[in-house]
Amino acid sequence: MSAAHGPDDGADDDHSGHLVVLYDFDPTTIDWPFQGQRPLPLVTGQVIEVVLDDGSEWAMGHLKGRPDIRGYFPKNYTMTVSQYREMMREYEDGVERGEEDDADDYAIPEPTPGAASSTPAG
């Protein structure tokens with residue numbers, strides 16, 4: 119997969135615990151409700167390594183290869199690397215068959231409102 123379509127750093131094929139960022143998340147634009155917890159700003163296309171996931175709507179992680187940039191982020195702004203690659207493969211297969219008009223079939227769903235409704239663990 120080309121870099122234009124998403125993460126493919128070639129460093130390793132074991133992407134367990136890695137998520138692809140689907141939407142920008144700028145915690146400075148919200149009233150960060152979690153005292154003592156540091157948010158992790160997200161930019162579409164980044165790869166996040168999950169450090170702690172307690173099953174809530176938030177997870178602790180850091181940018182892949184940058185453990186110094188760490189914090190909590192809304193999980194519904196991300197998807198696993200394998201899910202992302204499969205989605206892009208399906209999209210590219212559709213484009214090759216001339217099904218560009220069916221792009222809505224491959225649209226990334228909008229994040230669920232209220233992502234900040236649960237307190238991250240930690």
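In this text, residue positions in the sequence shown follow the numbering used here: the first is 119, and each later residue adds one.
Every residue gets a Cβ at the ideal spot worked out from N, C-alpha and C, and that includes glycine.
Predicted model only: the values in this text are computed from it and were never measured.
Item: Within the same chain, show all residues whose beta-carbon is closer than 6 Å to that of H180, passing over the 5 residues directly before and after it, in chain order.; Value: E167, I187 and R188
Item: Of the choices L140, P157, V138 and H136, whose alpha-carbon is the least far from that of T146?; Value: P157
Item: Helix, strand or coil for V168 per DSSP?; Value: strand
Item: For Y195, which option in D142, H136, G135 and S134 has the closest C-alpha, if you only look at C-alpha atoms?; Value: D142
Item: Mapping the DSSP letters down to three states, classify R184 as helix, strand or coil.; Value: strand
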